[in-house]
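The structure under discussion appears below in the form of structure tokens.
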Amino acid sequence: MEKWKRICIFTTKSEIKQVYINYLGNNNNEFTLQFVSIEEKQFTIKETNNYQQPSPGFITNCSEPICEGPLAPIYCSGPLISSAWYFGVQHQCPGTKLLLEPNEILKNFRKIIRGKVIKKGDFMQFCEENFANTDYIKPSNLTDWQPNPKNFELINDPKWKKFAVALHQIWPLLSREFIDDVHKNQHFYPVLSVPNRFLVPGGFFKVFFYWDTYWILKGLYFSNLIETSYGVLKNFAHILNYHGFIPNSGNIQLSRRSQPPFFTQMIKDYFDITKNKSFLQEFLPLAEKELKWWNQNRSIIFEFKGKNYLMFQYKTKTNCPRSENFLEDYQLGIQSKQPLFFWSSTASACESGIDFSSRWYNWKNNTENVRVEGGGGNEMSRVRTSTNKVLPVDLNVFIAMNYWTMANLSKEIGQNEKAKYYQEMAQNLTDSIHQVLYSKEDGVWYDLDLVEKKLRNKFYPSNIYPLLLENRPNNVCDRIVNYLYKSGALEFKGGIPSSMERNSSEQWDFPNGWAPQQHLFVVSLLNCKNNTKAKNIANKIVNGFLTTTFNGFFNPKKGKPAQMWEKYDVRFEDGQTGFGGEYPPQSGFGWSNGVVLEFIRMFYTKLEGN
Numbered sequence: 038m039e040k041w042k043r044i045c046i047f048t049t050k051s052e053i054k055q056v057y058i059n060y061l062g063n064n065n066n067e068f069t070l071q072f073v074s075i076e077e078k079q080f081t082i083k084e085t086n087n088y089q090q091p092s093p094g095f096i097t098n099c100s101e102p103i104c105e106g107p108l109a110p111i112y113c114s115g116p117l118i119s120s121a122w123y124f125g126v127q128h129q130c131p132g133t134k135l136l137l138e139p140n141e142i143l144k145n146f147r148k149i150i151r152g153k154v155i156k157k158g159d160f161m162q163f164c165e166e167n168f169a170n171t172d173y174i175k176p177s178n179l180t181d182w183q184p185n186p187k188n189f190e191l192i193n194d195p196k197w198k199k200f201a202v203a204l205h206q207i208w209p210l211l212s213r214e215f216i217d218d219v220h221k222n223q224h225f226y227p228v229l230s231v232p233n234r235f236l237v238p239g240g241f242f243k244v245f246f247y248w249d250t251y252w253i254l255k256g257l258y259f260s261n262l263i264e265t266s267y268g269v270l271k272n273f274a275h276i277l278n279y280h281g282f283i284p285n286s287g288n289i290q291l292s293r294r295s296q297p298p299f300f301t302q303m304i305k306d307y308f309d310i311t312k313n314k315s316f317l318q319e320f321l322p323l324a325e326k327e328l329k330w331w332n333q334n335r336s337i338i339f340e341f342k343g344k345n346y347l348m349f350q351y352k353t354k355t356n357c358p359r360s361e362n363f364l365e366d367y368q369l370g371i372q373s374k375q376p377l378f379f380w381s382s383t384a385s386a387c388e389s390g391i392d393f394s395s396r397w398y399n400w401k402n403n404t405e406n407v408r409v410e411g412g413g414g415n416e417m418s419r420v421r422t423s424t425n426k427v428l429p430v431d432l433n434v435f436i437a438m439n440y441w442t443m444a445n446l447s448k449e450i451g452q453n454e455k456a457k458y459y460q461e462m463a464q465n466l467t468d469s470i471h472q473v474l475y476s477k478e479d480g481v482w483y484d485l486d487l488v489e490k491k492l493r494n495k496f497y498p499s500n501i502y503p504l505l506l507e508n509r510p511n512n513v514c515d516r517i518v519n520y521l522y523k524s525g526a527l528e529f530k531g532g533i534p535s536s537m538e539r540n541s542s543e544q545w546d547f548p549n550g551w552a553p554q555q556h557l558f559v560v561s562l563l564n565c566k567n568n569t570k571a572k573n574i575a576n577k578i579v580n581g582f583l584t585t586t587f588n589g590f591f592n593p594k595k596g597k598p599a600q601m602w603e604k605y606d607v608r609f610e611d612g613q614t615g616f617g618g619e620y621p622p623q624s625g626f627g628w629s630n631g632v633v634l635e636f637i638r639m640f641y642t643k644l645e646g647n
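Using the numbering used here, you'd call the opening residue of the sequence shown number 38 and step up by one each time.
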């Protein structure tokens, strides 16, 4: 192979670009294809009318892959992954199990690319000889599942009791555990095994996901599945001890990013039900370990209006395309002209759980979306993803909420000094949220653009999440209510939308509504304890979301399956699923089931805490 090769890359807008790449074939540790750096730029781009496909092995010059360890060059970045995408076999190769040691597989791959162009037949033979596609999880029996949970006897509306019973039947269908061979031969599988059964979201989501589990557990608690819930928490304890934090999910491809940190809140919920102080003594050190990880890896010190603040942002260390959507990430990175920033911001958006949304785009504070010169399209194109320059309201609220919870739970087990420490941390961050993110003009809290040092003044449900931290006086809540009516976000039958951005095709934008946001939004409003208008809005959202999920499950539109969906179109109350994003709508669905059960518990029972 010549030292320099020129390849062509299809972009999402059918524009063709040429990129020079460097072939490094003499060092076993550097056998890869990389962009040439010229005068400290990532690459050079020239227009061409040549409509060839990229040659196998096209790869980026990113420096931080999406996973680490011996499986990284197989599953996460490098010419093997890019070749699989090039040949369109990324869902089959690399497979779900290694048949040989990782270094042997990489040696075998080098044999088919050294000195010649990779042919699909050679690549497919390599895949067959080095990988197996076997199920590494299996259904798991919920040993504590009973057909008639005692809590359901307290539901005071027959319609919602019928719904709760139906959702309770779904839990056994979502229960999984890893096969024995995963535990015995962990290094042959691209997953992190856990010792106990777990609940999957549903659809094509085959393993556990971090923040989904918070709402799944709420449903399990109401379903009296306490033993299963404890096992799930023990799984996260295992993960924390292994990783030092809780990754996005059990897939190795998602292992260098987290999700919104709800582990401390999971512990609180379990303790609220069981009152088990031995459990707190076991789990609070793990919650503390996670919070330290966020403080060490996701905190930022910045200056704002003449004062320094320490706050938090979603900002992964990775700067490579995601292997789960490698080709689109690759192409959009080229279009963005700042590929390393784009790829890192894309992974950071995934870490936020809001993947993807106009919320993370680089837009201006105006009502009209503008064309952007330099390949960026318009402001509502994913190529504009800039998560790494955003200071988000929600993450800072979640961290502060965890600090307050740690303070309260530490008191429960007599750790008063630790309680005092976390109370101080909580108050400092709560104050920072109000000082930095509160808009005096609109009466709500906005994300901050860390470059421009300006609030990003569009509607997202997180604009009111600081209400989760404390009961606010009536005048503050009145302003929030006025803002919500003015935003137009309260006009829909099926709940609250993820944004009011109609020019975006992302799944976390209008008109989609998601169960986690419905729950967090409602609980936020309920902290306006003496404000009737806020309570009425909360009731409206709850009943709208319950109605659309009920209809989608029991009375779906003609031609539509009866399902619980991952997301819903809030313009309707007939159970229509949401749309957009990187994959088709998924059913199941763990967090939707959990939020519905939690809303029924909160609004249609007499259980303590309602």
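Glycine included, every Cβ here is placed at the ideal spot set by N, Cα and C.
Fair warning: this is a prediction, and the values are worked out from it, not measured in the lab.
| query | result |
| --- | --- |
| Nearest neighbour of Asn-288, chosen from Trp-397, Ile-174 and Gln-183 [CA to CA] | Ile-174 |
| Lys-590 to Glu-101 span [Cα, whole Å] | The sequence given here has Phe at residue 590, not Lys. C-alpha separation (whole angstroms): 43 Å. |
| Strand pairing of Trp-482, partner residues [DSSP] | Tyr-475 |
| N-terminal and C-terminal residue of the beta strand (DSSP E) that Glu-319 is part of | Element bounds for Glu-319: not the beta strand (DSSP E) but the alpha helix (DSSP H), 314 to 334. |
| Proximity below 7 Å, CB of Asp-611 to CB of Lys-595 | no |
| Spatial neighbours of His-205 in its chain, beta-carbon cut-off 7 Å, leaving aside the 5 residues before and after | Pro-186 and Ser-260 |
| Chain-order list of residues whose beta-carbon lies under 6 Å from that of Glu-361 (same chain, five-residue window excluded) | Gln-290 |
| Option in Glu-264, Lys-243, Asn-233 and Leu-270 with minimal Cα separation from Tyr-251 | Leu-270 |
| Exposure of Gln-555, with buried meaning 16 or more beta-carbon neighbours within 10 Å | buried |
| Outcome for Asp-162 when other beta-carbon atoms lying within 10 angstroms are tallied against a minimum of 16 | The amino acid occupying residue 162 in the given sequence is Gln; Asp does not appear at that position. Exposed. |
| Simplified DSSP assignment, three categories, for Asn-592 | coil |
| Chain-order list of residues whose beta-carbon lies under 6 Å from that of Cys-164 (same chain, five-residue window excluded) | Cys-130 |
| Residues bridged to Trp-551 [DSSP beta-bridge criterion] | Lys-604 |
| Enclosing alpha helix (DSSP H) for Pro-209 [first to last residue] | 208 to 211 |
| Reduced DSSP secondary structure (H/G/I, E/B, other) of Ala-526 | coil |
| Cutoff 7 Å; reference Lys-314; Cβ partners in own chain excluding five residues on either side | Glu-449 and Ile-450 |
| Run of the alpha helix (DSSP H) containing Met-161, from where it starts to where it stops | 157 to 167 |
| Distance, Phe-529 Cα to Thr-585 Cα | 11 Å |
| As assigned by DSSP and simplified to three states, the class of Ser-353 | According to the sequence as given, residue 353 is Thr; it is not Ser. Looking at Thr-353 - three-state DSSP - the assignment turns out to be coil, as it is neither helix nor strand. |
| Environment of Val-154 [buried if 16+ CB atoms lie within 10 Å] | exposed |
| Neighbourhood of Glu-538 by C-beta distance below 6 Å, restricted to the same chain and skipping five residues each side | Ser-395, Asp-546 and Phe-547 |
| Local conformation of Ala-512 per DSSP, three classes | Note on residue identity: the sequence assigns Asn, not Ala, to residue 512. Residue state, collapsed to three classes: helix. |
| N- and C-terminal bounds of the beta strand (DSSP E) containing Pro-176 | 174 to 176 |
| DSSP-derived helix/strand/coil call for Met-303 | helix |
| Buried versus exposed call for Glu-214 [16 or more other C-beta atoms within 10 Å across all chains shown] | buried |
| Secondary structure of Ser-541, DSSP reduced to three states | coil |
| C-alpha gap between Tyr-520 and Glu-105, whole angstroms | 45 Å |
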